[in-house]
Amino acid sequence: MDAIIQVFYKYSGKEGNKYILTKGELKDLLSGELISFLKSQKDPNCVDDIMRDLDVNSDGKVDFQEFIHLVTVLTIACNDFFIDLLKKQGKM
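According to UniProt numbering, the sequence shown is numbered sequentially starting from 1.
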């Protein structure tokens, strides 16, 4: 949990409020922490789409609670991927 919190605050506040991520800060976070994910995306509007999905209150910013939604969705997706992989390998 500490690592997740540290990642958020590593990127937040560079453009003002240290408790939120702007679109630019979110892009920096994704580029810095999830580079292979971004490179695999075919859609050039990927960051815009992620921002729109995360920004529940539509204020153009992502707070920590909204950021945790991204972490949760990615964790579930990774878990599903590894379960499928283990099933294909006959280990489950």
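We put the beta carbon where it would ideally sit given N, CA and C, even for glycine.
Contacts around residue i, its chain only, beta-carbon distance under 8 Å, and the 5 residues preceding and following it disregarded
i   : result
I50 : L26, L30, L70
D55 : K61, V62, E66
L83 : The displayed chain sequence assigns Ile, not Leu, to residue 83. Closer than 8 Å at the Cβ level, and outside the excluded window around I83, lie M92.
Cβ neighbour criterion (16 or more within 10 Å) applied to residue i
i   : result
F67 : buried
V73 : exposed
F75 : Note that residue 75 is Thr in the sequence shown here, rather than Phe. The residue is exposed, with fewer than 16 neighbouring Cβ atoms inside 10 Å.
CB contact flag (residue i, residue j, <9 Å)
i   : j   : result
D28 : K14 : yes
I20 : S12 : yes
G24 : K10 : no
Spatial neighbours of residue i in its chain, beta-carbon cut-off 6 Å, leaving aside the 5 residues before and after
i           : result
residue 181 : Any question about residue 181 goes unanswered here, given that the chain covers just 1 to 92.
N45         : none
Own chain residues within Cβ distance below 7 Å of residue i, not counting five before or after
i   : result
L86 : M92
D2  : none
L34 : none
Residue i beta carbon near the ligand SAM (any heavy atom closer than 8 Å)
i   : result
R52 : Among the ligands in the structure shown, none appear at all, so the ligand SAM cannot be discussed.
According to DSSP, residues forming a beta bridge with residue i
i   : result
L54 : Note: L54 sits in no beta bridge, so no partner.
G20 : In the sequence on display, residue 20 carries Ile and not Gly. The partner list for I20 (beta bridge, DSSP) reads D63.
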